[in-house]
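Visitor: Under full-length UniProt numbering, think of the first position of the sequence shown as 1, with each following residue one higher. No residue lacks a Cβ here, since even glycine has one placed at the ideal position from N, Cα and C. All values derive from a computational prediction rather than experimental measurement. Here it is: the structure, laid out below.
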Amino acid sequence: MLNKTKGIVIQYMKYRESSLLVTIYTAEFGISSYVENGVRSAKAKHKIALFQPLTLLDLEVYHKPGKGLHRISEAKCYYPYRKIPFDIASSSIALFLTEVLSKVLREEEANPVLFSFLEESFQILDQGQGHLENFHLQFLWRLSEFLGFHAGQVGEFLEQLREAGVPGMGDLDAKTVQALFNADYGDGVGVNRVQRAAILRALIYYYGLHMESFGELRSLQVLQEVLS
1 MLNKTKGIVI QYMKYRESSL LVTIYTAEFG ISSYVENGVR SAKAKHKIAL FQPLTLLDLE
61 VYHKPGKGLH RISEAKCYYP YRKIPFDIAS SSIALFLTEV LSKVLREEEA NPVLFSFLEE
121 SFQILDQGQG HLENFHLQFL WRLSEFLGFH AGQVGEFLEQ LREAGVPGMG DLDAKTVQAL
181 FNADYGDGVG VNRVQRAAIL RALIYYYGLH MESFGELRSL QVLQEVLS
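Here it is as structure tokens:
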């Protein structure tokens, strides 16, 4: 059956000579995998640029429940990014968050509230207004609520991490971290570089505790170098 849905590209990999396997988080079906044949040929119906990570797509797909791979009939970008591809800070944040999403999005069912959160967040990142150096920290904190392991009180969250021996937790004040997490994207919050790095370590450690096979984040070093 042909279905219409919005989607956010998470990742793709080459498949056979000219095709791709594309992982997309969809509004209607959750995380789904699609075969896109011939995309790397000169006569491709859909160009490979459509399947770059975080691209926001309007899709018509052949989706059969219980099937591992599905097919795309039509794909169009409904929000072309203007800043993320060209601004090194925005692109580094986007790359890092894409890797996180590739590890934590697992449900193959609709979650319209989560989809809206992701869609709106990446549009805000692309618009690039205000102070976005803390964007990834606020994003990870809010995303954890959708994933079912939100820490609740920041003071308790930090205390757990101190007891676990996570480095840098002594540099963090609960009120400062709470103010950061409560602020809107782009709001100026008094968090310095050392504190920002410690908060990121805390969040990554916390994700690792609750997500099986979360593992290392290859894009982390690039992010830290760009935002340092």
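For V166, which residues in the same chain have their Cβ closer than 8 Å to its Cβ, ignoring the five residues on either side in sequence?
Guide: Taking the first residue of the sequence shown as position 1, residue 166 is located at position 166. Cβ within range, chain order: R201, A202 and Y205.
Visitor: I need the straight-line Cα distance from E163 to L101, nearest angstrom please.
Guide: As a first step, residue 163 is located in the sequence shown; it is residue number 163 there, counting from the start. As a first step, residue 101 is located in the sequence shown; it is residue number 101 there, counting from the start. Each residue's Cα considered, the two are about 27 Å apart.
Visitor: Skipping 5 residues on each side, what residues in its chain have a beta carbon closer than 8 Å to that of L20?
Guide: Numbered from 1 along the sequence shown, position 20 holds the residue referred to as residue 20. Cβ neighbours of L20 beyond the five flanking positions: Y12, M13, K14, V35, E36, V39, R40, I48 and F51.
Visitor: Based on Cα-Cα distance, which residue from N3, P80 and S32 lies nearest to Q127?
Guide: Counting from one through the sequence shown, the residue named residue 127 turns up at place 127. Measuring from the Cα of Q127, the nearest candidate turns out to be P80.
Visitor: Beta strand (DSSP E) containing V191: first to last residue?
Guide: Here residue 191 is taken as the residue at index 191 of the sequence shown, counted from 1. Neither: V191 is in no beta strand (DSSP E) and is coded neither H nor E.
Visitor: Would you check if there are 3 or more beta carbon pairs closer than 8 Å linking the stretch 56 to 76 to the stretch 132 to 146?
Guide: The stretch 56 to 76, when compared against the stretch 132 to 146, does not touch it at the 8 Å Cβ threshold.
Visitor: Grab the span of the beta strand (DSSP E) containing S73 for me, first residue to last.
Guide: The residue labelled residue 73 in the question sits at position 73 within the sequence shown. Note, S73: beta strand (DSSP E), H70 to C77.
Visitor: Going by beta carbon distance, what residues of the same chain come within less than 7 Å of G155, once the five residues before and after it are set aside?
Guide: Position 155 of the sequence shown holds residue 155. Taken in chain order, the residues that qualify are A174.
Visitor: Considering just the uninterrupted stretch of the alpha helix (DSSP H) at Q138, what are its terminal residues?
Guide: Counting from 1 along the sequence shown, the entry for residue 138 is found at position 138. Its alpha helix (DSSP H) spans residues F135 to L147.
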